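In this note's numbering, the protein residues as written are 3 to 165. Positions of the beta carbon are idealized from the N, C-alpha and C atoms, including for glycine. Predicted model only: the values in this text are computed from it and were never measured. Written below as structure tokens is the structure these notes are about.
Listed below in structure tokens is the structure:
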């Protein structure tokens with residue numbers, strides 16, 4: 003089993019799509035570790051605010067199998083196959099970490115946005131504070147403590163999901 007961390011986000015029917023995504027992930031991977039739910043401004047384009055969170059899980063799937071499963075979940079909830087990178091999302095699921103794997107293809111790991119997007123780093127630091135970034139060799143707690151929190155507005159949102 004490998005420990006995996008995923009970033010989930012939505013800015014279209016946000017709460018329903020995130021709850022649906024969590025239900026799908028639970029059906030496949032059973033136990034999930036959930037961060038708080040955060041609201042953030044759209045990054046890279048003009049759009050409605052996003053709800054974001056980080057989910058930890060364990061799997062026996064290869065990185066390719068995991069990627070395929072996650073894409074299928076996204077498509078099930080309305081993501082278009084040719085969606086632009088910076089655009090509205092019904093459900094966006096990105097692999098942040100797959101154990102200590104460091105690679106650039108077929109999926110970049112660790113995902114580079116961990117260190118520069120508050121909506122990824124804060125929730126990851128919340129559920130895996132002592133875990134070390136496999137490249138930077140710093141804990142996520144430390145990375146969050148040193149993050150310039152004035153660069154992105156982020157707020158914790160009450161969230162009730164019964165998985």
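Simplified DSSP assignment, three categories, for residue i
i: residue 101; result: coil
i: residue 37; result: coil
i: residue 157; result: strand
i: residue 114; result: helix
i: residue 60; result: strand
i: residue 72; result: helix
i: residue 106; result: coil
Supposed contact pair residue j and residue i - C-beta distance, whole angstroms, cut 8 Å
i: residue 59; j: residue 33; result: 7 Å
i: residue 61; j: residue 4; result: 6 Å
i: residue 12; j: residue 125; result: At roughly 14 Å, the Cβ-Cβ gap does not stay under 8 Å, so residue 12 and residue 125 are not in contact.
i: residue 130; j: residue 151; result: Contact doesn't hold; Cβ gap of about 19 Å is too wide.
Counted within 10 angstroms of its Cβ, other Cβ atoms place residue i as buried (16 or more) or exposed
i: residue 67; result: exposed
i: residue 158; result: exposed
i: residue 29; result: exposed
i: residue 106; result: exposed
i: residue 118; result: exposed
i: residue 56; result: buried
i: residue 73; result: exposed
i: residue 50; result: exposed
Close beta carbons around residue i, own chain, < 6 Å, minus the five adjacent residues each side
i: residue 127; result: 142, 143 and 146
i: residue 163; result: 21 and 24
i: residue 26; result: 75
i: residue 16; result: 53
i: residue 80; result: 92
8 Å Cβ shell around residue i - same chain, five flanking residues per side excluded
i: residue 101; result: 4, 5 and 6
Bounding residues of the beta strand (DSSP E) (the contiguous stretch that carries residue i)
i: residue 6; result: 4-12
Sequence-distant residues of its chain with Cβ nearer than 7 Å to residue i (five each side left out)
i: residue 134; result: 140 and 141
i: residue 96; result: 8, 9 and 113
Residue i - containing alpha helix (DSSP H), residue span
i: residue 122; result: 120-129
i: residue 18; result: 16-31
i: residue 146; result: 142-147
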